[in-house]
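Working notes for the structure below.
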Amino acid sequence: MINRRKFLRHSVLSTGAILLAQQLNAKSNLEVKLPLVISTWAPNVKANKAAWEILSKSGRALDAVEKGVMVVEADPDDTSVGYGGLPDRDGNVTLDACIMDELGGNGSVMCIENIMHPISVARLVMEKTPHVILAGKGAFEFAIQQGFKKENLLTASSEKFWKEWLKTSMYNPMDTMKHMKQKRAPGSIDNHDTIGMLAMDVNGNLSGACSTSGMAFKMKGRVGDSPIIGAGLFVDNEIGAATATGVGEEVIRICGSHTVVEAMRYGKSPREACQIAVERMYKLRKNNLNDMQIGFIAVNKSGEIGAFALNEGFTYAYRLGDGIDVVKSADFLLKK
Ligand code: GLY
Numbered sequence: 019m020i021n022r023r024k025f026l027r028h029s030v031l032s033t034g035a036i037l038l039a040q041q042l043n044a045k046s047n048l049e050v051k052l053p054l055v056i057s058t059w060a061p062n063v064k065a066n067k068a069a070w071e072i073l074s075k076s077g078r079a080l081d082a083v084e085k086g087v088m089v090v091e092a093d094p095d096d097t098s099v100g101y102g103g104l105p106d107r108d109g110n111v112t113l114d115a116c117i118m119d120e121l122g123g124n125g126s127v128m129c130i131e132n133i134m135h136p137i138s139v140a141r142l143v144m145e146k147t148p149h150v151i152l153a154g155k156g157a158f159e160f161a162i163q164q165g166f167k168k169e170n171l172l173t174a175s176s177e178k179f180w181k182e183w184l185k186t187s188m189y190n191p192m193d194t195m196k197h198m199k200q201k202r203a204p205g206s207i208d209n210h211d212t213i214g215m216l217a218m219d220v221n222g223n224l225s226g227a228c229s230t231s232g233m234a235f236k237m238k239g240r241v242g243d244s245p246i247i248g249a250g251l252f253v254d255n256e257i258g259a260a261t262a263t264g265v266g267e268e269v270i271r272i273c274g275s276h277t278v279v280e281a282m283r284y285g286k287s288p289r290e291a292c293q294i295a296v297e298r299m300y301k302l303r304k305n306n307l308n309d310m311q312i313g314f315i316a317v318n319k320s321g322e323i324g325a326f327a328l329n330e331g332f333t334y335a336y337r338l339g340d341g342i343d344v345v346k347s348a349d350f351l352l353k354k
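Take any residue in the sequence shown, count from 1 to its spot, add 18: that is its number in my numbering.
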């Protein structure tokens with residue numbers, strides 16, 4: 019049974035939107051004012067703002083998550099997503115993304131190169147092909163056919179990081195992460211900034227999107243959790259949605275986002291469900307996980323949100339019906 023905790027939000031929605039939200043709330047016994055959007059990591063308030071432009075005009079959650087994620091994909095200063103993403107060990111920027119809508123539709127691209135907006139290609143895979151996933155060259159060629167431009171995504175700054183890394187070519191992913199953490203965020207364990215975004219529109223429909231350049235200096239061809247439906251993202255419009263950030267290998271091992279949604283299906287709150295996934299991961303791999311970060315965010319069909327991480331430092335950003343940006347630090351498992 020869905021958690022029925024009651025909470026109030028102020029709203030700036032149109033009368034129609036408020037009515038719809040009230041109808042939804044009458045069913046769920048909540049007084050949440052829709053819409054809502056939630057993203058992994060504090061800097062993604064900018065992505066939420068873009069999503070909000072659609073949601074606040076009673077737009078579809080699917081359009082909102084695509085538009086929100088595109089902001090980060092185009093940001094050259096975000097070294098974990100899209101343009102400016104850190105390359106693989108051979109200097110190629112390879113991108114992974116997936117998207118899910120309220121109708122059970124899903125689309126994904128893996129290891130796509132030279133395309134600025136993999137999330138939009140993933141959406142077209144969902145909408146225009148009989149498939150769910152396109153990978154590598156096939157994904158690129160499909161994007162070009164659909165009118166996307168071929169672009170160089172390796173910025174001078176990311177190239178500099180890569181050349182510096184080449185001096186040692188330290189390849190153990192965890193050592194690489196420790197190294198990058200000192201370069202990018204000294205004193206923090208957070209160096210892996212995949213954007214996962216979930217939204218619920220005024221009709222109470224859920225969608226989600228997830229986009230990343232993956233682990234810095236990964237092996238050529240490495241694919242993380244972000245384009246894998248059920249790992250990096252899962253949406254069930256009857257129950258809720260979840261998305262992940264952090265070390266994809268660990269998220270894949272437990273089908274992380276699907277695990278979160280299934281826990282919500284059996285009555286856990288979003289925050290409890292995220293914690294269950296993190297604890298399962300830890301039980302499986304204990305000693306391997308101390309220095310890495312993995313975080314989940316989730317929303318249930320009643321509009322309740324939650325998050326949980328493996329280690330300290332995972333943040334998330336959201337906007338609910340009041341349109342106010344909120345940034346929170348997630349609770350975490352490994353208290354040092
Ligand atoms: N979470 C993104 C990745 O591991 O590639």
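Even for Gly, the Cβ is constructed at its ideal location relative to N, Cα and C.
Residue i to residue j span [Cα, whole Å]
{"i": "residue 305", "j": "residue 249", "result": "21 Å"}
{"i": "residue 151", "j": "residue 264", "result": "21 Å"}
{"i": "residue 182", "j": "residue 78", "result": "43 Å"}
{"i": "residue 316", "j": "residue 280", "result": "11 Å"}
{"i": "residue 314", "j": "residue 174", "result": "31 Å"}
{"i": "residue 82", "j": "residue 57", "result": "12 Å"}
{"i": "residue 149", "j": "residue 353", "result": "43 Å"}
{"i": "residue 7", "j": "residue 134", "result": "In this structure the chain extends from 19 to 354, so residue 7 is not present and cannot be described."}
{"i": "residue 225", "j": "residue 237", "result": "31 Å"}
{"i": "residue 50", "j": "residue 285", "result": "18 Å"}
{"i": "residue 297", "j": "residue 165", "result": "44 Å"}
{"i": "residue 107", "j": "residue 101", "result": "17 Å"}
{"i": "residue 155", "j": "residue 80", "result": "26 Å"}
{"i": "residue 322", "j": "residue 287", "result": "8 Å"}
{"i": "residue 255", "j": "residue 186", "result": "47 Å"}
{"i": "residue 300", "j": "residue 233", "result": "20 Å"}
{"i": "residue 170", "j": "residue 159", "result": "15 Å"}
{"i": "residue 70", "j": "residue 157", "result": "29 Å"}
{"i": "residue 118", "j": "residue 141", "result": "8 Å"}
{"i": "residue 336", "j": "residue 68", "result": "12 Å"}
{"i": "residue 343", "j": "residue 302", "result": "36 Å"}
{"i": "residue 99", "j": "residue 105", "result": "10 Å"}
Closest by C-alpha distance to residue i, when choosing among the options
{"i": "residue 161", "options": "147, 334, 246 and 256", "result": "147"}
{"i": "residue 92", "options": "132, 78 and 72", "result": "132"}
{"i": "residue 168", "options": "313, 111, 235 and 118", "result": "111"}
{"i": "residue 307", "options": "271, 322 and 324", "result": "271"}
{"i": "residue 253", "options": "238, 274, 242 and 303", "result": "274"}
{"i": "residue 334", "options": "233, 106 and 260", "result": "260"}
{"i": "residue 153", "options": "231, 341 and 241", "result": "241"}
{"i": "residue 229", "options": "71, 287 and 103", "result": "103"}
{"i": "residue 330", "options": "320, 312, 341 and 343", "result": "312"}
{"i": "residue 95", "options": "141, 211, 140 and 76", "result": "211"}
{"i": "residue 341", "options": "121, 73 and 61", "result": "73"}
{"i": "residue 64", "options": "319, 345, 349 and 350", "result": "345"}
{"i": "residue 247", "options": "231, 218 and 214", "result": "214"}
{"i": "residue 243", "options": "266, 227 and 231", "result": "266"}
{"i": "residue 320", "options": "68, 218, 188 and 59", "result": "218"}
{"i": "residue 59", "options": "303, 121 and 216", "result": "216"}
{"i": "residue 139", "options": "98, 66 and 163", "result": "163"}
Residues that residue i bridges to, as DSSP identifies them
{"i": "residue 223", "result": "According to DSSP, which records beta bridges pairwise, residue 223 is partnered with nothing at all."}
{"i": "residue 318", "result": "258"}
{"i": "residue 218", "result": "54 and 224"}
{"i": "residue 324", "result": "316"}
{"i": "residue 89", "result": "Per DSSP, none; premise fails for residue 89."}
{"i": "residue 347", "result": "333"}
{"i": "residue 213", "result": "229"}
{"i": "residue 152", "result": "127"}
8 Å CB neighbourhood of residue i in its chain, flanking five on each side removed
{"i": "residue 109", "result": "172, 177 and 180"}
{"i": "residue 145", "result": "123 and 125"}
{"i": "residue 294", "result": "277, 278, 281 and 286"}
{"i": "residue 143", "result": "125, 126, 127, 149, 150, 151, 152, 157 and 160"}
Contacts around residue i, its chain only, beta-carbon distance under 7 Å, and the 5 residues preceding and following it disregarded
{"i": "residue 289", "result": "324, 325 and 326"}
{"i": "residue 239", "result": "129"}
{"i": "residue 137", "result": "84, 87, 88, 91, 115, 117, 227 and 229"}
{"i": "residue 204", "result": "Reliability fails at residue 204, whose pLDDT of 41 lies under 50, so the model's placement of it is uncertain and no value is given."}
Spatial neighbours of residue i in its chain, beta-carbon cut-off 6 Å, leaving aside the 5 residues before and after
{"i": "residue 347", "result": "333"}
{"i": "residue 282", "result": "257, 258, 291 and 318"}
{"i": "residue 350", "result": "327, 329 and 330"}
{"i": "residue 268", "result": "299 and 312"}
{"i": "residue 61", "result": "none"}
{"i": "residue 310", "result": "265"}
{"i": "residue 113", "result": "130, 136 and 231"}
Handout entry: Ordered list of alpha helix (DSSP H) runs contained in the segment 99–146, each at least 4 residues
Key = Residue ranges of uninterrupted alpha helix (DSSP H) with 4 or more members, entirely inside the segment 99–146 and ordered along the chain, are 136–146.
Exercise for the section: Would you mind listing the alpha helix (DSSP H) stretches within the segment 226–312 that are 4+ residues and don't spill past its ends, in chain order? Expected result: Counting whole runs of 4 or more residues, the segment 226–312 contains the alpha helix (DSSP H) stretches 266–271, 274–283 and 288–303.
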